[in-house]
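Contents: one structure, followed by commentary.
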Amino acid sequence: MSNLLRDFEVEAKNPSLEARQRWRSSVSIVKNRTRRFRNIRDLDKLADYENKKHQIQVPISLVSLSLLFSFFFCCEYDFDFLG
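According to my numbering, the sequence shown is numbered sequentially starting from 3.
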């Protein structure tokens, strides 16, 4: 069974940023470059976008954690129904 799985190994659909940069630099001389790379994002802008997304997600997660903390620990509720 493991031999069969080894024969059909498929690379990841979303390669890493370094792999995409290596591939783009290796095919620098291509015919009709604009058509070849029209569906591939600008890698520098992609890295900036991921950094911005991370900077937005961290404060949102901190706010949600603080709201959960305030709801469960700071509010006075009667929890007699829990046992």
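Quick reminder that beta carbons are idealized off the backbone N, C-alpha and C, glycines included.
Helix, strand or coil at residue 15 [DSSP, three-state]: One-based indexing of the sequence shown puts residue 15 at position 13. Three-state DSSP puts residue 15 in coil, outside helix and strand.
Nearest neighbour of residue 44, chosen from 16, 23 and 70 [CA to CA]: In the sequence shown, residue 44 corresponds to position 42, counting from 1. Of the candidates 16, 23 and 70, the one whose C-alpha sits nearest the C-alpha of residue 44 is 23.
Segment limits, alpha helix (DSSP H) that includes residue 58: Sequence index remark: in the sequence shown, residue 58 carries index 56 (1-based). Looking at the DSSP string, the run of the alpha helix (DSSP H) that includes residue 58 is 45 to 71.
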